[in-house]
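As structure tokens, the structure follows; a few thoughts come after it.
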Amino acid sequence: MQQFQWVAAFETGIDVVDSQHKRIFEYLKEVDNAIKLQDNDAIKAVAKALIDYSISHNAFEETLMERAKYPVLAAHSKVHEAFRARALSYDKRLEAGEDPIKVAKEVRSDIGLWLTNHIQRDDKDYVPYVKKSLEGGFVSRMIKRCFA
Ligand SMILES: [Fe+2]
Numbered sequence: 084m085q086q087f088q089w090v091a092a093f094e095t096g097i098d099v100v101d102s103q104h105k106r107i108f109e110y111l112k113e114v115d116n117a118i119k120l121q122d123n124d125a126i127k128a129v130a131k132a133l134i135d136y137s138i139s140h141n142a143f144e145e146t147l148m149e150r151a152k153y154p155v156l157a158a159h160s161k162v163h164e165a166f167r168a169r170a171l172s173y174d175k176r177l178e179a180g181e182d183p184i185k186v187a188k189e190v191r192s193d194i195g196l197w198l199t200n201h202i203q204r205d206d207k208d209y210v211p212y213v214k215k216s217l218e219g220g221f222v223s224r225m226i227k228r229c230f231a
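The sequence shown begins at 84 in our numbering and counts up by one.
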């Protein structure tokens, strides 16, 4: 099984995004551990947590991109939407009682590969826009705080 882990090359420099990406890699590890233990309840629970968290993370990224008026937001959202549909189909299969080990193996490979590629290609592209918008917010908040 290919291992997925967060490496420095994935760093966007946006703390909140980086910590969420790291959390997804932790979930991937948790899924692997549950598969090793062959604990079906744990496998289902962590696979579902991984799916939920990844979808929420993408939605969070979209709010950052919106706020930053990122010009390629529509295309990025489409990529997220396709991911969401796939992730939810795994969730449905788990709910339908399919072998959790089989589904979880697919989930971890699919999400692991998707995330590694997505961070390095699509996410890297929004970084300068989002960074700028966050800095702007920070500066205006500090101005209000100091000069009110
Ligand atoms: Fe993204």
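The C-beta atom is built at its ideal place from N, Cα and C for all residues, glycine as well.
*Compare the Cα-Cα distances from Asp205 to each of Arg191, Glu94, Lys175, Ser192 and report the closest residue.*
As a working mapping, residue 205 is identified with position 122 in the sequence shown. The option with the nearest alpha carbon to Asp205 is Glu94.
*Name all residues in chain order for which at least one heavy atom of ligand 1 lies closer than 7 Å to the residue's CB.*
Residues lining ligand 1 by the Cβ criterion, that is a Cβ closer than 7 Å to any of its heavy atoms, are Asn141, Glu144, His159, Val162, His163, His201, Asp205, Asp206 in chain order.
*How many whole angstroms separate the CB atoms of Ala132 and Ala125, which I take to be in contact at a CB cut-off of 8 Å?*
As a first step, residue 132 is located in the sequence shown; it is residue number 49 there, counting from the start. As a first step, residue 125 is located in the sequence shown; it is residue number 42 there, counting from the start. Contact doesn't hold; Cβ gap of about 10 Å is too wide.
*Examine the Cβ distances between the region 139-146 and the region 181-190 and report whether three or more of them are shorter than 8 Å.*
Note that the region 139-146 does not touch the region 181-190; fewer than 3 beta-carbon pairs, one per stretch, sit closer than 8 Å.
_For Arg204, the first and last residue of its enclosing alpha helix (DSSP H)_ = Taking the first residue of the sequence shown as 1, we reach residue 204 at position 121. Arg204: not part of any alpha helix (DSSP H); DSSP gives it neither H nor E.
*For Lys112, does the three-state DSSP call read helix, strand or coil?*
Mapped onto the sequence shown, residue 112 falls at position 29. Lys112 falls in the helix class under three-state DSSP.
*Would you check if the distance between the CB atom of Ile138 and the CB atom of Tyr173 is smaller than 8 Å?*
Position 55 of the sequence shown, counted from the start, is the residue given in the question as residue 138. Position 90 of the sequence shown, counted from the start, is the residue given in the question as residue 173. No, the Cβ-Cβ distance between Ile138 and Tyr173 is not below 8 Å.
*Is DSSP giving Tyr212 helix, strand or coil here?*
Your numbering for residue 212 matches position 129 in the sequence shown. Helix at Tyr212.
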